[in-house]
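In my numbering, the protein residues as written are 56 to 672. Where a beta carbon is used, it is the ideal one built from N, C-alpha and C, also for glycine. Data block below; observations after.
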């Protein structure tokens, strides 16, 4: 019986198929291989991942960042080269301020660290099919998009400065008016211009591959928009409009007369912008030149415009404040708000164009907008401004005359401004237009191979000092970029903030529930910003900047220029060592919440720069 049971059990057992053993072995091998693979690449970039022609496979983030920065430095050394026939123009990737470091800025900024972080994350995002990403990268490769900021508009300006003399602008069919105000037509002419947009597209393709090659410019035919045949039927209408003059432009009790000689200079043929009028459906119409009319309106607006006036405060210095008196008495000066008015030049132009050209009206009422103050008198008394919540200081000793004037002009704009609770403050936006009309002076800069004048000197002194005040007040910094190289005005290194319209900008947020008042002043060579408001109990701790990775300055840089006599030499920039810097701001809020942010700065080594007069070949 016992032996029968054993035989029965033996019959019941089955042999395991060799296929199962093989399959299990393969799975086991794959799991072991995946484990080894993931272990090896735990802190390394997966295979197949590239930035352009730069292979990052198996590199740590630190190693990859070094490789990318080396590539970037090669690009900076090489610059951008543009060619047309026998003319070659090299444009450096930065501009050089001859008298003010604020006007030195990069035309190309490559964000190496964030680009490498992006490369490292490929195959690691568990919200996506990360294994598929790894496999695709391994077998087919993966190109990481480089993060960069290229100032294309500035580059195009430099190209135009160098190549525009070789272009021919198209000429629309036109007319001329003789001394008896009779009209004759002039035939159109085609033109040719360089395709700057195509050059920028090619440059960006080069950047994506990290391989900057010389770019051959191409000419494109530009046809005139208006031909003689189109305008011949409009001559009688033009004659009728000329005979309308003189006309008057009116606002309230003011009148400005435009006589026939001035009016005839306004006339032009233009694409029809009034197709909403049923009786005017032609493609080309007779109208008035917008630029010329707005030039006239700019003269007129000086008699019309009035700035809106915000409710404004001036705070006594702390040493003059009697601690026994009320908070209200700490406000030594109070300015009421007033509405302003501003001539709307664009809409006024459109109205003039329509009313005279189509309605044949001789008296036109100009369009003037009412401008509301941002801070009204009604809410000014409830702002609760009573004490300093943050101070920023910087020193501009050694600044030239124009730079000092620009700093003074900027603080006139900023002094007394109120920042609303929750408002994001933009330094660039607040300063507004930076030009001669707003009181700023120009300074010399090197762009490409030419010396030119540019506005904006001294403004980084403003950005840096505001940055320090916002840090001291414990406000969140939303946007800040350091300078390309260390500048004496902004020591200690790492606490500076570069600004240039439209970017870089310095932005911070008033995250308190109270208004903040900006008070600005100059004491000797020191610029001081005080932020006034109500302390909400937050505590701010800022570490001393740590400066490291100091790099010797490169050899002297020679720039050929057409602004000096051939062979003459003029050195305009001293050498600066490169370095990295960082510090940490920690804000502890009344509820115990703690926020820390580390501000890192990279300053590239900057060689001495000398100009040499270009030899005439």
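Using alpha carbons as the reference points, say which of the options lies closest to residue i.
| i | options | result |
| --- | --- | --- |
| residue 560 | 226, 514, 155 | 514 |
| residue 675 | 468, 214, 112 | For residue 675 there is no data in the structure shown, the boundaries of the chain being 56 and 672. |
| residue 285 | 326, 247, 309, 302 | 326 |
| residue 668 | 428, 619, 590 | 619 |
| residue 449 | 638, 271, 544 | 544 |
| residue 142 | 659, 221, 173, 366 | 221 |
| residue 129 | 342, 346, 268, 476 | 268 |
| residue 523 | 626, 654, 491, 324 | 654 |
| residue 217 | 578, 251, 492, 193 | 251 |
| residue 303 | 295, 318, 293 | 318 |
| residue 351 | 227, 287, 399 | 399 |
| residue 595 | 343, 531, 607 | 531 |
| residue 459 | 362, 408, 511 | 511 |
| residue 539 | 526, 363, 551 | 551 |
| residue 356 | 570, 311, 663, 394 | 311 |
| residue 516 | 447, 481, 564 | 447 |
| residue 155 | 612, 500, 442, 563 | 500 |
| residue 636 | 650, 484, 601, 492 | 601 |
| residue 557 | 265, 202, 209 | 209 |
| residue 359 | 339, 492, 345, 397 | 397 |
| residue 549 | 566, 584, 599, 590 | 599 |
Out of curiosity, what's the CA-to-CA distance linking residue i and residue j?
| i | j | result |
| --- | --- | --- |
| residue 214 | residue 162 | 13 angstroms |
| residue 261 | residue 661 | 25 angstroms |
| residue 164 | residue 657 | 12 angstroms |
| residue 314 | residue 487 | 36 angstroms |
| residue 426 | residue 403 | 16 angstroms |
| residue 119 | residue 253 | 31 angstroms |
| residue 105 | residue 633 | 28 angstroms |
| residue 256 | residue 198 | 18 angstroms |
| residue 107 | residue 475 | 46 angstroms |
| residue 206 | residue 362 | 33 angstroms |
| residue 401 | residue 576 | 37 angstroms |
| residue 664 | residue 573 | 38 angstroms |
| residue 169 | residue 132 | 22 angstroms |
| residue 621 | residue 615 | 9 angstroms |
| residue 508 | residue 468 | 23 angstroms |
| residue 167 | residue 578 | 40 angstroms |
| residue 137 | residue 259 | 14 angstroms |
| residue 134 | residue 174 | 26 angstroms |
| residue 649 | residue 249 | 56 angstroms |
| residue 659 | residue 229 | 54 angstroms |
| residue 624 | residue 611 | 13 angstroms |
| residue 195 | residue 103 | 7 angstroms |
Around the Cβ of residue i, are there at least 16 other Cβ atoms within 10 angstroms (buried) or fewer (exposed)?
| i | result |
| --- | --- |
| residue 81 | exposed |
| residue 179 | exposed |
| residue 308 | exposed |
| residue 86 | exposed |
| residue 568 | exposed |
| residue 454 | buried |
| residue 72 | exposed |
| residue 58 | Low per-residue confidence applies at residue 58: pLDDT is 48, beneath 50, and the placement is therefore not dependable enough to give any value. |
| residue 646 | exposed |
| residue 666 | buried |
| residue 140 | exposed |
| residue 189 | buried |
| residue 424 | exposed |
| residue 224 | exposed |
| residue 150 | buried |
| residue 461 | buried |
| residue 640 | buried |
| residue 342 | buried |
Give me the DSSP bridge partner(s) of residue i.
| i | result |
| --- | --- |
| residue 631 | 661 |
| residue 260 | Paired residue(s): none; residue 260 is not in a bridge. |
| residue 615 | 667 |
| residue 212 | Bridge partners of residue 212: none, in fact. |
| residue 239 | 231 |
| residue 543 | According to DSSP, residue 543 bridges with nothing at all. |
| residue 654 | 638 |
| residue 198 | 105 |
| residue 400 | Note: residue 400 sits in no beta bridge, so no partner. |
| residue 393 | 364 |
| residue 591 | Looking at the DSSP assignment, residue 591 forms no beta bridge with any residue, so it has no partner. |
Against chain B, with Cβ distances strictly below 7 angstroms, would residue i count as a contact?
| i | result |
| --- | --- |
| residue 161 | No chain B appears in the structure shown, which is made up of a single protein chain. |
Could you give the uninterrupted runs of the beta strand (DSSP E) lying entirely in the segment 94-181, keeping only those of 3 residues or more? Fully enclosed beta strand (DSSP E) runs of 3 or longer: 104-106, 135-139, 142-146, 149-152, 163-165.
Return the chain-ordered ranges of every beta strand (DSSP E) run that is complete within the segment 311-367 and spans a minimum of 3 residues. 322-326, 339-343
Restricting to runs no shorter than 4 residues, where is the alpha helix (DSSP H) found entirely within the segment 250-296? Runs found: 251-264, 283-287.
3-residue-minimum beta strand (DSSP E) runs that sit fully inside the segment 416-454, ordered along the chain: 418-420, 423-426, 442-450
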